[in-house]
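Trainee: Structure in structure tokens, see below.
In the working numbering, the protein residues as written are 0 to 246.
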């Protein structure tokens, strides 16, 4: 008896500044999914938020040429989220997506992707997916929230100051609070986008301006000289952890 392949929707792209990075990550995932076990459904989200089902073969070819595709049309035979008309307007039904796929593998980076929004949509739609749930995603995406929770838990973290766009900023006070070098970061952005290492006081204004281009909230964080260790954890009730690795 022939084994049925698991239908995997690989979700990538998105509306954040990390759109192109997400596409490259999806390429790596698709290339390593065993075609004997998995049937891949690449799902691209364009920068306007539209979802598109794509053929993964030209997608991989285009990325090998260092070219990022522009999503134009969805496959008419595979509508991802059906718009249902009603007298009170319209709403989206994810039933077709749930019927077509066994699991979704989100490879989205940044806001509206790895911040719990898509995870919440998939949970609400009862669609299994890979990765942390909506709460874990939201906490880990927001550096300010994450650092506050680490502090409450008694775990050491680099000293920091949160700044909100539009509020007065005391740059001299910040320079007195933290020794140089310090780091300026958007609160909810990854892939090092918007981050500046500030070595001198006269660099701080431009670093703050750059970080605010990516988020309404930013962090000023002290620099720490030390080793960077990473560890991956996989599972739910029963978990497996990788060996620690040094970056």
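Glycine residues also receive a C-beta, built at the ideal position from the N, C-alpha and C atoms.
Using a Cβ cut-off of 7 Å (strictly closer), state whether residue 174 contacts chain B.
Mentor: Of the protein chains in this structure there is only one, and it is not chain B.
Trainee: By the three-class DSSP mapping on this structure, what secondary structure does residue 179 have?
Mentor: Here residue 179 refers to the residue found at position 180 when the chain shown is read from its first residue. Coil at residue 179, not helix or strand.
Trainee: Between the beta-carbon of residue 146 and the beta-carbon of residue 216, is there less than 7 Å?
Mentor: Mapped onto the chain shown, residue 146 falls at position 147. Mapped onto the chain shown, residue 216 falls at position 217. Cβ atoms of residue 146 and residue 216: not closer than 7 Å.
Trainee: Which of the three DSSP states, helix, strand or coil, is assigned to residue 164?
Mentor: Residue mapping note: residue 164 aligns to position 165 of the chain shown, counting from 1. Residue 164: coil per DSSP, three-state reduction.
Trainee: How far does the alpha helix (DSSP H) with residue 116 in it extend, from its first residue to its last?
Mentor: For the purposes of this step, residue 116 is taken as the residue at position 117 of the chain shown. Element bounds for residue 116: 116-123.
Trainee: Give me, in chain order, the residues of the same chain whose beta-carbon lies closer than 8 Å to that of residue 47; leave out the 5 immediate sequence neighbours on both sides.
Mentor: As a working mapping, residue 47 is identified with position 48 in the chain shown. Contacts found: 14.
Trainee: Kindly indicate which three-state DSSP category residue 204 falls into: helix, strand or coil?
Mentor: In the chain shown, counting from the first residue as 1, residue 204 sits at position 205. In the structure shown, residue 204 sits in a helix (DSSP, three-state: H, G or I).
Trainee: Could you tell me which residues DSSP puts in a beta bridge with residue 148?
Mentor: Here residue 148 corresponds to residue number 149 of the chain shown, with the count starting at 1. Residue 148 is not bridged to any residue.
Trainee: Count the other CB atoms, across all protein chains shown, that sit within 10 Å of the CB of residue 237; report buried if there are 16 or more and exposed otherwise.
Mentor: Along the chain shown, one-based indexing puts residue 237 at 238. Exposed.
Trainee: Could you check the C-alpha separation between residue 197 and residue 213 for me, to the nearest Å?
Mentor: The count along the chain shown starts at 1 and reaches residue 197 at position 198. The count along the chain shown starts at 1 and reaches residue 213 at position 214. If you take the alpha carbons of residue 197 and residue 213, they lie about 18 Å apart.
Trainee: Compare the C-alpha of residue 230 against each of 223, 222, 224 and 240 and name the closest.
Mentor: Here residue 230 corresponds to residue number 231 of the chain shown, with the count starting at 1. Closest by alpha carbon: 240.
Trainee: Between residue 185 and the rest of its own chain, which residues show a CB-CB distance below 6 Å, the 5 nearest in sequence each way excluded?
Mentor: Translated into positions along the chain shown, residue 185 becomes position 186. Closer than 6 Å at the Cβ level, and outside the excluded window around residue 185, lie 193, 210, 213, 214 and 217.
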